[in-house]
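Report on one structure; see the data block that follows.
2 protein chains.
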Amino acid sequence: MNEPDGGNRRSRRGRRPGESGTRNAILAASRKRFAEQGYDNASIRDIAVAAGVDPALVHHYYGSKESLFIAAMRLPNIPGLVGKALESDPEALAEGRLGELLARTVVMIWEDKTLQRTAIGLLRSALTHERAAAMLRDFVRSTIFGQIASTLRSPDAEYRVSLAASQVIGLLMARYVLRVEPLASASGQEVVRAIGPALQRYLAGDIGTDSGTA
Amino acid sequence: MNEPDGGNRRSRRGRRPGESGTRNAILAASRKRFAEQGYDNASIRDIAVAAGVDPALVHHYYGSKESLFIAAMRLPNIPGLVGKALESDPEALAEGRLGELLARTVVMIWEDKTLQRTAIGLLRSALTHERAAAMLRDFVRSTIFGQIASTLRSPDAEYRVSLAASQVIGLLMARYVLRVEPLASASGQEVVRAIGPALQRYLAGDIGTDSGTA
DNA sequence: GTCTATATGATGATAGAC
DNA sequence: GTCTATCATCATATAGAC
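Note that the protein sequences, when read in sequence, are chains S and D. Note that my numbering gives residue 330 to position 146 of the first sequence, counting from 1, and the numbers run on in steps of one. Note that my numbering gives residue 312 to position 128 of the second sequence, counting from 1, and the numbers run on in steps of one.
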């Protein structure tokens, strides 16, 4: 059976198994539903409908709801994005504009629809799902704030970072999840101008402890 | 039937109907479960067990899970507490220490176990339950921030208040719900010193718009 | 006021036909 | 790879006996 490629454009030697795009469709749909409804309220049936596939296929590909959630919420390239943002403006680090840089990074990352859905999904689920809470803590700590904290030399760097984290989490919650107005409708620029200095103070300013820069 | 009280200490004229304490036990237990698990994960069965009553009684008293939730999350005396906090230090308002006052009020209100449970329950549920989100918005806006915003004369008072709200929400989320360290273990005093000035700036400082106090 | 029994429905998961 | 059929479990809610 040495059939040549002939008019058959797609395959080199017969049709390869798997890979019909269904798998990714399920993943994308699950991100959407998890972001909109949180872990518990997003049912596998809903996700299957959104992806246009049969519910049984979801199990077939991902085994369980938990596994699907973990697969959907894992985005490998965040550290890269953050690193690039940090490198893009190296002077800001030395110049005491770290807070502004962080604010800009958060707003910038938010442009990416997939990242946005992942983050909202984690936020939504973190409060009712223990696993999601752990993933969110890792997400925030080891990537975004881990990298930024390492640029601080303060002895209470951890405390400072957790304060900044509280403001960032609050921003995401109020602006993107709860949609509190008028914050939700403000431009990214405005938000950066408003939040940046607050983050700067948390990270390197006087926060009422010993090691303030007054 | 003019029977006198006689030796019957408890009742004036025979035993009054109802009121065995069960109703309040259910309410208290539901606050606990809603706070710990959020609206969806807290089942009526769980609540009944926590209250030491039969699940059917919960329905009997409150009709539905929604009604129970609404009853549990409604706390009438918040405006009073806030008002008292504001009156307790009238000079702070004039002196530009509104942010500190707000931070102190939040931390203070958090001392009350019932209030705390209500707030956490609302926060937990707001992200997955539309009704709870609406209640939280009202809770925050009409009581706490409504009263404080009215003391501002800035034209962008709403924007400023929503910024402050984002920080307060983030504080509650990070410190009390997600329990991000070391913020979660910090003392109330430390938190007030750290957050207060940030709130002050949002409410009356330079936030990058026209109406800043530079 | 309190509880037993049950109606009714949604969910995650699995086995197995095509 | 895909789908039908089904299981077991858990939920809210209700009717009615004591």
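All C-beta atoms in this analysis are idealised placements derived from N, C-alpha and C, irrespective of residue type, glycine included. A quick note: this is a predicted structure, and the numbers were derived from the prediction, not measured.
Annotation: Cβ neighbours of residue 312 of chain S in chain D (cutoff 7 Å, chain order): 221, 222, 224, 225, 308 and 312. Contacts with chain S at 8 Å (Cβ-Cβ) do not include residue 257 of chain D. Taking one beta carbon from each stretch, the stretch 225 to 238 of chain S and the stretch 274 to 283 of chain S have fewer than 3 pairs nearer than 8 Å; the two do not touch. Contact with chain D is found for residue 365 of chain S, since one of that chain's Cβ atoms lies less than 8 Å from the residue's Cβ. Taken in chain order, the unbroken stretches of alpha helix (DSSP H) that lie wholly in the stretch 335 to 369 of chain D and span 4 residues or more are 341 to 355. The three-state reading of DSSP puts residue 290 of chain D in helix, counting H, G and I together. By the C-beta criterion, the stretch 284 to 293 of chain S is judged to be in contact with the stretch 375 to 382 of chain S, since at least 3 inter-stretch pairs fall below 8 Å.
Across the stretch 312 to 336 of chain D, CB contacts with chain S closer than 9 Å involve 312, 313, 317, 320, 321, 324 and 325, in sequence order along the chain. Counting only runs that start and end inside the stretch 265 to 312 of chain S, the alpha helix (DSSP H) elements of at least 4 residues fall at 274 to 278, 282 to 293 and 297 to 310. Taken through DSSP and simplified to helix, strand or coil, residue 208 of chain S comes out as helix. Cα atoms of residue 337 of chain S and residue 391 of chain S: separation of roughly 15 Å, rounded to the nearest angstrom.
At a cut-off of 4 residues, the continuous stretches assigned as alpha helix (DSSP H) that sit fully inside the stretch 221 to 267 of chain S are 228 to 235, 239 to 246 and 249 to 257. Below 8 Å, too few C-beta pairs join the stretch 357 to 365 of chain S and the stretch 364 to 373 of chain D to call them touching: fewer than three. The Cβ of residue 361 of chain D sits closer than 8 Å to at least one Cβ of chain S. Just so you know, the alpha carbons of residue 263 of chain D and residue 384 of chain S end up roughly 33 Å apart. Residue environment: residue 301 of chain S is assigned as buried (16 or more neighbouring CB atoms within 10 Å of its CB, all protein chains considered).
At a cut-off of 8 Å, the C-beta of residue 292 of chain D has no neighbouring C-beta in chain S.
One finds 354, 357 and 358 in chain D with Cβ atoms closer than 7 Å to the Cβ of residue 353 of chain S, taken in chain order. A residue is called buried once 16 or more other Cβ atoms fall within 10 Å of its Cβ, and residue 351 of chain S is buried on that count. The beta carbon of residue 348 of chain S sits closer than 6 Å to those of 383, 386 and 387, all from its chain and outside the five residues before and after it, given in chain order.
Closest in C-alpha terms to residue 318 of chain D, from the list D:341, D:372, D:258 and D:212, comes D:258.
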